[in-house]
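**Q** Quick one: the structure is below, questions incoming.
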Amino acid sequence: MSHSRRIGVITAAAALLLTATACSGLGRSTVGMLTFRGHDSPVELSYSNTSVKGCHKIGLPRGATHVENNTLVDVVLYRTQDCTTPAGNEGIYVATTLSNVTAPVSLPWRSFSVIH
1 MSHSRRIGVI TAAAALLLTA TACSGLGRST VGMLTFRGHD SPVELSYSNT
51 SVKGCHKIGL PRGATHVENN TLVDVVLYRT QDCTTPAGNE GIYVATTLSN
101 VTAPVSLPWR SFSVIH
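In UniProt numbering, the protein residues as written are 1 to 116.
Written out as structure tokens, the structure is:
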């Protein structure tokens, strides 16, 4: 085997090993797209590679009323900006590759967390 071919094989093996390690490292970020839209708004806000740790504010001024979870993880949506669940504001569970829409009279979602 030539020297340059050996270097190529070693480089490919190293890249494969790094990719496998990154994917199995307790899922540091989501894979796929999480998309939000406000009530009667054409504007969509998408998140990708979101950390699986912590609470994430939804960056729409009036909150989100539509969500599409096209990630490989499940999420919980909250009507508060800090992922808290005061009485009557329980989180809404949205499984991977599903979507959800709020009822017209309900409050919009303001934050989300990732189930990992």
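Heads up, the beta-carbon is just placed ideally off N, CA and C, and yes, glycines get one too. From a predicted model like this one, the values you see are computed outputs, not experimental measurements.
Express the C-alpha separation of aspartate 40 and phenylalanine 112 in angstroms, rounding to a whole number.
**A** Going by the C-alpha atoms only, they are around 21 angstroms apart.
**Q** For the beta strand (DSSP E) containing isoleucine 115, list its first residue and its last residue.
**A** It spans 111-115 - the beta strand (DSSP E) in which isoleucine 115 sits, taken as one unbroken run.
**Q** Would you say glycine 38 and alanine 64 are within 9 angstroms of each other, going by their C-beta atoms?
**A** Yes.
**Q** Just to confirm, are glutamate 68 and threonine 30 a CB contact at a threshold of 9 angstroms?
**A** In this structure, threonine 30 does not lie closer than 9 angstroms to glutamate 68 by Cβ.
**Q** Please work out which residues of its chain come closer than 6 angstroms, Cβ to Cβ, to leucine 107, disregarding the five sequence neighbours upstream and downstream, and give them in chain order.
**A** Cβ within range, chain order: Arg79.
**Q** Okay, do the region 96-107 and the region 70-88 touch, 3+ Cβ pairs below 8 angstroms being the bar?
**A** A contact exists between the region 96-107 and the region 70-88.
**Q** Confirm, please, whether the CB-CB distance from leucine 45 to glycine 59 is below 9 angstroms.
**A** Yes, the pair counts as a contact, with Cβ atoms nearer than the cut-off.
**Q** Let me know the secondary structure DSSP gives isoleucine 92 once reduced to three states.
**A** The answer is strand: DSSP assigns isoleucine 92 an E or B state.
**Q** Does the beta-carbon of tyrosine 93 have 16 or more other beta-carbons within 10 angstroms, so that it is buried, or is it exposed?
**A** Burial call: exposed.
**Q** Use the C-beta contact count for threonine 85: other C-beta atoms within 10 angstroms, 16 or more gives buried, fewer gives exposed.
**A** Answer is exposed; the Cβ neighbour count stays below 16.
**Q** Could you tell me the boundaries of the beta strand (DSSP E) in which lysine 57 lies?
**A** Lysine 57 -> beta strand (DSSP E) spans 55-57.
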